[in-house]
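In the numbering used here, the protein residues as written are 347 to 413.
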């Protein structure tokens, strides 16, 4: 079973730029956002596989430019 990350702060540093990019673009919003002014409290509950796939696509340039 893959590891699940509750918020972006729980995501390993190597994946954080991609996850932040998706959040800033509004593609990844999570299912709870206690403070709309902050991305760090959004409840994501994303797993390791999602982070790996999105980071791979991002490194290939498929997800576009930096937000």
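Glycine included, each C-beta is placed from N, C-alpha and C at the ideal position.
Using a 10 angstroms sphere on the CB of residue 364, the tally of other CB atoms reaches 16 or more, which defines it as buried.
When rounded, the separation of the alpha-carbon atoms in residue 409 and residue 374 is 13 Å. Annotation: the continuous alpha helix (DSSP H) that includes residue 369 extends over 362–370. When rounded, the separation of the alpha-carbon atoms in residue 355 and residue 386 is 6 Å. Pairing residue 389 with residue 352 gives a Cβ-Cβ distance under 8 Å.
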